[in-house]
Amino acid sequence: GLWKPSAWRAVTSISAPVIWEGTFDREALEKHYRKQNTTVGLAVFAVGSLTDQYLDPFLQSASKFFMPGYRVIFYVMVDRHLQLPDMDHSPLHSFQVHVIGEERWWNNFDLMRMKVLAEHIRKHIKHEVDFLFIMSANLVFQNEFGVETLSTSVAQLHAWWYFWKTKDLPYERRPTSAAYIPFGLGDFYYADTIIGGVPFQILDFTQEYLKGVVWDAENGLNSTYEKYLNKYFFLNKPTKLLSPEYSWDPTFNIPRQVWPDNVYSIQINYSFLQF
Numbered sequence: 013g014l015w016k017p018s019a020w021r022a023v024t025s026i027s028a029p030v031i032w033e034g035t036f037d038r039e040a041l042e043k044h045y046r047k048q049n050t051t052v053g054l055a056v057f058a059v060g061s062l063t064d065q066y067l068d069p070f071l072q073s074a075s076k077f078f079m080p081g082y083r084v085i086f087y088v089m090v091d092r093h094l095q096l097p098d099m100d101h102s103p104l105h106s107f108q109v110h111v112i113g114e115e116r117w118w119n120n121f122d123l124m125r126m127k128v129l130a131e132h133i134r135k136h137i138k139h140e141v142d143f144l145f146i147m148s149a150n151l152v153f154q155n156e157f158g159v160e161t162l163s164t165s166v167a168q169l170h171a172w173w174y175f176w177k178t179k180d181l182p183y184e185r186r187p188t189s190a191a192y193i194p195f196g197l198g199d200f201y202y203a204d205t206i207i208g209g210v211p212f213q214i215l216d217f218t219q220e221y222l223k224g225v226v227w228d229a230e231n232g233l234n235s236t237y238e239k240y241l242n243k244y245f246f247l248n249k250p251t252k253l254l255s256p257e258y259s260w261d262p263t264f265n266i267p268r269q270v271w272p273d274n275v276y277s278i279q280i281n282y283s284f285l286q287f
């Protein structure tokens, strides 16, 4: 059941905006956030081969396109000491590289990621930034990822599943799982590549995710990070949604709703890199 909308959606049923190129006035938003003296955090985790393959292009492109003109703190979480790539450093940018001991790199990368992130938000991130994004390391920015994306709770619409009917979305369907969403319910399918919001909101998600994983483990179940994420946003509706333009999978043909020039970042496999 592929759903073919006559046009993209610009608002959800609870009136949260869906951000597409052309649906926002960046100039007005800039005026507002500059007055607020806004600082934005961007957290990325890279371990093992992820560090070698993806981290340099992620950081190089983010330093150019992520929130230009604003103070940004990059939180780089890695499993070993590393040299940051050569970049045109903006005086507004600062980088915190946090090396997490090997004993922390458990079999479940997402579980480790959320546990470590929660610790860092509690200890210092909540005092350092107004908004925080967590992104997958395999993203490369192509256009300005700006203040139009800021809100209390930000979810990313999944490029693959945006055009499908709700009944066909790959939610967790086992009723005993903490990630369960019953058939007939659900709004959108959200991607795990980007989530954002104010720090306490991200902290709330990490805590709910960890609770869900523990609950399922005790019941002999496990689900995917993305399915727990979808359950969280099903119960706690995001206040802003990013269109698939914000995290595009280039193996997926671009439909007519998405202009190639409007793609803000792409997901990459190493073979796809053109550096």
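Take the sequence shown: its letters are residues 13 to 287, numbered as in the numbering used here.
Cβ coordinates follow ideal geometry from the N, Cα and C atoms, glycine included.
Counting C-beta pairs with one atom in each stretch, the region 150-165 and the region 70-82 have three or more that are closer than 8 Å, which means they touch. The secondary-structure analysis by DSSP pairs S189 with nothing; it has no beta-bridge partner. Here the region 239-246 makes no contact with the region 139-157; the two share fewer than three CB pairs at distances below 8 Å.
With 16 or more other Cβ atoms from the protein chains shown falling within 10 Å of its own Cβ, G53 counts as buried. Excluding the 5 residues flanking it on each side, A190 has same chain C-beta neighbours closer than 6 Å at G224, W227, D228, in chain order.
Counting along the chain, T205 sits inside the beta strand (DSSP E) bounded by residues 202-209. The bridge partners DSSP lists for T51 are R83.
Taking every protein chain shown into account, the CB of D204 has 16 or more other CB atoms within 10 angstroms, so this residue is buried. In the structure shown, F153 adopts extended strand secondary structure according to DSSP, grouped into three states.
Counting C-beta pairs with one atom in each stretch, the region 204-215 and the region 119-133 have three or more that are closer than 8 Å, which means they touch.
Taking the Cα positions, P256 is about 15 Å away from S148. Shown here for Y87: same chain residues with a beta carbon closer than 8 Å to its own, the five before and five after excluded, namely G53, L54, A55, V56, Q108, H110, H132, I137 in chain order. The C-alpha of S259 is placed about 7 Å away from the C-alpha of A171. CA-to-CA, the gap between L96 and Q72 works out to about 9 Å.
Taking every protein chain shown into account, the CB of L104 has fewer than 16 other CB atoms within 10 angstroms, so this residue is exposed. Going by beta carbons, I146 and I207 fall inside the 8 Å limit.
In its chain, beyond the 5 residues on either side, E184, S189, A191, D228 have a beta carbon closer than 7 Å to the beta carbon of S235.
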